[in-house]
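Take the sequence shown: its position 24, counted from the start at 1, is 24 in the UniProt record's numbering, and no numbers get skipped.
Accompanying notes for the structure given below.
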Amino acid sequence: MTGHAIVIGGGIGGLAAAVALRRIGWQVDVLERVPAFGEVGAGLSQSPNAMRALAALGLAEQAEAASMPTWATHAMRLPSGRHLMRATTGRNPPLRAFRRAALHRLLRQALPEDAVHTGVEVTGLAQDSEKVTVTHTAGRQDADLAVGADGIHSLTRRLLWPHAPGPRFLGYTAWLGLAETSVPVSGSMTLGRGCYFLIHPVAPGQVYWALGIAADQSGVRFDDELEQVRRRVSGWHDPIPALLQATPPEQVRHLDIHDLPELPAYTSGRIALLGDAAHAMSPDRGQGAGQSIEDAVVLAAALAGDASVPAALNAYDAQRRPRTQATARNARQAGLQVINAGPIAHALTALALRLTPSTLWARLAPRTLGPLWDWTPPTLPATPDALPHS
C-alpha cells in the first residue's frame with residue numbers, strides 16, 4: 001500500500017516519520033509552523049534501541065558520524081567529586097550523544113527539499129472513510145493519512161481527544177547548555193541531593209550539560225540563567241565549573257519538565273499521533289527522541305503491508321502504546337526518585353552505588369535496561385527512489 005501522508009510537525013519525530021514513510025514509497029508533506037528551523041535544545045543521548053531505529057531508516061552511518069560515544073550514566077559521582085561508579089574500560093560505551101541540531105539535520109537531509117514546508121500552521125482536521133483533510137494557513141490538503149507529530153502541546157491530540165488531560169508538571173526544572181571547549185571531557189552524571197548534573201560530549205570541542213533540580217512551580221525564569229546554574233552547583237567538582245565558564249549565555253535553555261497522562265489510543269481513523277504528541281515523557285531514561293524514531297519505523301512498517309490505513313494504524317497503536325506508556329512511567333519514576341530524594345534516601349543510593357563494583361554493574365545494567373534497549377525494529381521494504389538523499 002502506498003499513498004500520500006501529511007506529517008504535522010517538523011521536529012525529530014515528524015522528520016523521522018517522513019523519512020520512514022518515503023522509504024516505503026509514500027508521498028509525504030511535512031508541515032512545520034515555525035518559519036525556519038533553529039537550534040532547539042542543546043543535546044541528547046540515544047541508546048541502542050534508538051540507534052537501531054535510525055539504522056532501519058538507512059541512517060546508521062550518518063548517525064554515528066554525527067554523534068559521540070559516551071558512558072555518562074555509567075560514570076557517577078557526588079558533588080565533592082567522589083566516584084560512585086566508574087565507566088568500564090575496554091568495552092564500547094552503550095550510548096551515543098548528539099547535538100540535538102545535528103540529529104535534526106541528518107533527518108532533514110534525508111528528505112528532498114520540497115517535502116518540508118515551514119511557516120505553515122495547521123488549524124483543523126477532518127476525515128471520512130476515504131481521506132483526511134488538513135486545513136492550514138496556506139490552504140487545505142487532502143491525504144490518505146495524517147500524522148500528528150506536533151509535540152507535547154499537540155493540536156492534533158486536542159482535536160482527537162478534546163477532554164484528555166494536558167501536560168502535567170513533574171515538580172522539577174532543568175537547564176541545558178552547550179559548552180565550547182578544547183579540553184577532553186568524559187561523559188558523567190553527578191548526583192546531588194534533589195538534583196543531578198549530566199555531561200555528554202556531543203562533538204569534538206562541544207559538550208552538552210544539563211542540570212535538573214526540584215522546583216515548586218513551573219514558569220519561573222531569571223534574567224541570567226547561566227548565573228543561576230553556577231549558583232546551584234557552586235563548589236561542585238571539576239570539570240563542571242570549567243564547562244559553565246565555557247558556555248555562552250545564549251547556549252543555555254531553561255525548561256520545566258512535563259509529561260503526558262496516558263491516552264486511550266494513539267490513532268483515530270486515518271490520523272495517528274507520534275512522539276511527544278502521544279507520549280511526552282521526562283528525560284530520565286533518555287528516551288524521548290528515541291521512542292519517537294521507533295514510532296516512525298513501526299508506523300511505516302504497519303503501512304507497508306496490504307491492510308487499509310485504519311487497520312494499519314490500529315496495528316501501530318497496539319504495538320507502540322504499551323511500550324511507550326511503560327517507558328514514560330519508568331522515566332517519571334526514575335526522575336522523581338532523584339529529585340525527591342531526602343538526605344537518608346540520597347545517602348543510601350550513594351552507598352549502594354559506591355559498593356557495587358563497576359564490573360558487576362556492567363553485567364546488571366543490560367538486564368535492567370534490556371527490555372528497553374534490546375528492541376529490534378521491523379524491516380522497512382525500501383523502494384529505490386525513496387532512499388535517504390545524503
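Note that CB positions come from ideal geometry on N, CA and C, so glycine has one too.
Counted within 10 angstroms of its Cβ, other Cβ atoms place residue i as buried (16 or more) or exposed
i              : result
asparagine 340 : exposed
glycine 235    : exposed
alanine 318    : exposed
arginine 270   : buried
arginine 77    : buried
alanine 56     : buried
isoleucine 344 : exposed
proline 162    : exposed
proline 239    : buried
leucine 191    : buried
serine 390     : For serine 390, the pLDDT reaches just 48, beneath the cut-off of 50, and the residue's location in the model is therefore unreliable, although a value from the coordinates is still provided. Exposed, because fewer than 16 other Cβ atoms sit within 10 Å of the Cβ of serine 390.
glutamine 206  : buried
arginine 82    : exposed
proline 94     : buried
residue 391    : Residue 391 falls outside the range modelled here, since the chain spans only 1 to 390, and no answer is possible.
aspartate 276  : buried
leucine 59     : buried
glycine 9      : buried
proline 377    : buried
leucine 103    : buried
alanine 63     : buried
alanine 304    : buried
glutamine 217  : exposed
glycine 11     : buried
leucine 313    : buried
glycine 370    : exposed
Pair within 8 Å by beta-carbon distance, residue i and residue j
i                 : j            : result
valine 120        : leucine 178  : no
histidine 74      : arginine 168 : no
phenylalanine 197 : leucine 211  : yes
isoleucine 152    : alanine 53   : no
alanine 149       : glycine 13   : yes
alanine 97        : tyrosine 208 : yes
valine 34         : alanine 115  : no
alanine 302       : tyrosine 316 : yes
valine 185        : proline 201  : yes
alanine 382       : arginine 23  : yes
Nearest residue (CA-CA) to residue i, options the options
i              : options                           : result
alanine 331    : Ile6, Pro35 and Gln291            : Gln291
leucine 155    : Thr135, Phe169 and Asp114         : Thr135
valine 7       : Ala102, Gln62 and Gln141          : Gln141
tryptophan 175 : Ser45, Arg232, Ala97 and Ser129   : Arg232
threonine 324  : His346, Ser308 and Pro264         : Pro264
proline 112    : Pro162, Pro35 and Leu15           : Leu15
threonine 123  : Arg157, Met51 and Pro165          : Arg157
glycine 335    : Leu170, Thr349, Ala300 and Leu372 : Leu170
arginine 285   : Ile199, Ala352 and Gln46          : Gln46
proline 261    : Thr327, Gly9, Gly187 and Asp29    : Thr327
arginine 329   : Leu372, His346 and Thr70          : Leu372
glycine 342    : Tyr266, Tyr316, Ser282 and Ile213 : Ile213
leucine 159    : Gln217, Ala66, Ser218 and Ala272  : Ala272
alanine 164    : Glu64, Tyr266 and Leu84           : Tyr266
alanine 66     : Ala36, Ala300, Ala350 and Pro204  : Pro204
leucine 351    : Leu84, Ala63 and Ser308           : Leu84
alanine 242    : Pro283, Thr181 and Ser282         : Thr181
histidine 237  : Ala126, Arg99, Met189 and Gly25   : Met189
alanine 126    : Asn314, Ser268, Ala215 and Val183 : Ser268
leucine 353    : Ala63, Arg86 and Gln62            : Arg86
proline 79     : Asp374, Leu369 and His346         : His346
alanine 215    : Thr2, Val338, Glu61 and Gly166    : Val338
proline 283    : Ala304, Pro322, Gln333 and Ala311 : Gln333
isoleucine 199 : Ala312, Met68 and Pro322          : Met68
threonine 2    : Val309, Gly370, Thr349 and Pro322 : Val309
cysteine 195   : Val229, Pro48 and Arg321          : Val229
tryptophan 26  : Asp374, Leu299 and Thr349         : Leu299
Presumed contact (8 Å Cβ cut-off) between residue i and residue j, rounded CB distance
i             : j             : result
histidine 4   : alanine 101   : Not confirmed; about 29 Å, so no contact.
leucine 226   : threonine 247 : 6 Å
threonine 379 : glycine 187   : So it is not a contact: roughly 32 Å between Cβ atoms.
glycine 288   : aspartate 256 : Not really, about 15 Å apart at Cβ, beyond 8 Å.
alanine 36    : threonine 118 : 6 Å
Residue i Cβ short of 7 Å to the ligand COA heavy atom set
i             : result
histidine 153 : Within the structure as shown, the ligand COA is missing, as the structure has no ligands at all.
Problem - Cβ contact check for the segment 295 to 313 and the segment 247 to 261: 3 or more pairs under 8 Å - result: no
Practice task
Pair every Cβ in the segment 18 to 29 with every Cβ in the segment 40 to 49, then say whether three or more of these pairs are closer than 8 Å.
Solution key: no
Problem - Inter-stretch contact (C-beta, 8 Å, three-pair minimum) for the segment 124 to 135 and the segment 96 to 107 - result: no
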